[in-house]
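K.L.:
First, the structure itself, so that you have it in front of you.
Numbering (our numbering), first residue to last: 4 to 298.
What follows is the structure, encoded as structure tokens:
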């Protein structure tokens with residue numbers, strides 16, 4: 004057992020907790036917690052997750068993880084250094100958008116050819132129909148010229164009576180408008196659907212990014228390029244409200260809370276979409292906390 008494992012075990016026993024209680028609070032499997040206390044880091048998924056689990060374990064015991072890491076630095080597992088540099092979030096996003104743009108450009112010629120064929124067929128059809136339409140109009144014109152209407156004196160008197168009645172009605176309408184004053188204009192009812200808008204606010208000193216979003220709920224979609232530890236909380240040091248763990252397949256979640264904090268173990272392994280809008284990571288670090296506040 005390492006000094007770090009003994010230290011965490013003693014702190015846990017001061018709370019009167021067993022490993023099952025810590026498992027329920029951190030969502031870390033009991034066998035991983037036991038491996039941390041015994042110093043058997045080889046039983047953990049890897050050095051990165053070992054440090055992430057130790058950090059979560061320290062936080063639930065009310066300890067400051069940075070101080071724990073500094074005090075027991077010699078006991079912590081060292082991540083393997085590889086010569087391959089990880090791409091930044093900006094380069095990763097730019098490469099993804101370039102690929103999408105190339106796909107769209109390859110489809111464009113086919114669309115233009117299809118439109119050209121449609122216009123060509125429509126033009127041929129219009130040319131074939133136009134002569135028959137012109138012939139019909141000429142025949143109708145000849146028929147109209149052959150027809151004549153003879154007005155009798157009685158018809159002229161009836162027309163004058165109708166015109167007089169129309170003038171009287173027009174006068175009455177004008178008088179009515181004067182008596183009632185200005186015509187009342189009724190406002191038209193319109194509806195406007197508010198579009199969800201995700202905005203970055205700040206990065207705090209304790210490795211936490213804050214965003215705001217509009218909407219009745221917070222809908223979060225996770226798209227994985229690798230794997231990452233994920234859990235959800237109402238606040239950074241609060242209890243998880245959604246079972247966490249190491250995930251590698253796409254997931255979707257919806258929350259009614261006013262704010263949600265996502266504990267992301269590896270930001271290079273997961274893309275996050277909030278209410279349909281992709282979240283851009285403001286920092287290039289592996290482990291990060293992201294808080295989404297609903298306006």
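Idealized CB from N, CA, C, for every residue including glycine.
When you compare the segment 62-76 with the segment 287-296, are there three or more beta-carbon pairs, one atom per stretch, that lie closer than 8 Å?
P.N.:
Short answer: they don't touch.
K.L.:
In terms of residues, what are the limits of the alpha helix (DSSP H) holding residue 72?
P.N.:
First-last of the alpha helix (DSSP H) with residue 72: 68-74.
K.L.:
Check residue 28 in the structure and name its three-state DSSP category.
P.N.:
Looking at residue 28 - three-state DSSP - the assignment turns out to be helix.
K.L.:
Locate the beta strand (DSSP E) running through residue 201, then write down its first and last residues.
P.N.:
Run containing residue 201: 201-207, per the beta strand (DSSP E) assignment.
K.L.:
Helix, strand or coil, according to DSSP, for residue 212 in the structure here?
P.N.:
If DSSP states are grouped into helix, strand and coil, residue 212 belongs with the strands.
K.L.:
For residue 86, does the count of other Cβ atoms within 10 angstroms reach 16, so buried, or fall short, so exposed?
P.N.:
With a pLDDT of only 43 at residue 86, under 50, the local geometry of the prediction cannot be trusted, and the value read off the model is given with reservation. Per the 10 Å Cβ criterion, exposed.
K.L.:
Out of curiosity, what's the CA-to-CA distance linking residue 3 and residue 240?
P.N.:
The structure shown does not extend to residue 3, since the chain spans only 4 to 298, so no value can be given for it.
K.L.:
Express the C-alpha separation of residue 133 and residue 127 in angstroms, rounding to a whole number.
P.N.:
Going from the Cα of residue 127 to the Cα of residue 133 covers about 10 Å.
K.L.:
If distances are taken between C-alpha atoms only, which option among 238, 215, 276, 61 comes closest to residue 227?
P.N.:
Selected option, being the one with the closest Cα: 276.
K.L.:
Which term fits residue 61, buried or exposed, when burial requires 16 or more other beta carbons within 10 angstroms of its beta carbon?
P.N.:
With 16 or more other Cβ atoms within 10 Å, it is buried.
K.L.:
So, for residue 212: in the same chain, excluding its five sequence neighbours on each side, which residues have a beta-carbon less than 6 Å away from its beta-carbon?
P.N.:
So the list reads 206, 285, 293, once near-sequence residues are dropped.
K.L.:
Going by C-alpha to C-alpha distance, which of 278, 44, 35 sits closest to residue 202?
P.N.:
Ranking the options by Cα distance to residue 202, first place goes to 278.
K.L.:
Could you give the uninterrupted runs of the beta strand (DSSP E) lying entirely in the segment 216-294, keeping only those of 3 residues or more?
P.N.:
Listed in chain order, the complete beta strand (DSSP E) runs (minimum 3 residues) inside the segment 216-294 are 221-227, 231-236, 243-250, 254-258, 262-267, 273-277.
K.L.:
Apart from the five residues on each side of it in sequence, which residues of its chain come closer than 6 Å, Cβ to Cβ, to residue 282?
P.N.:
Counting only Cβ-Cβ distances below 6 Å, and skipping sequence neighbours, we find 275.
K.L.:
What three-state label does DSSP hand residue 6 in the structure shown?
P.N.:
Helix at residue 6.
K.L.:
Here's a check: name, in chain order, each residue in its chain whose Cβ is nearer than 8 Å to the Cβ of residue 26, leaving out the five neighbours to either side.
P.N.:
Contacts found: 32, 33, 36.
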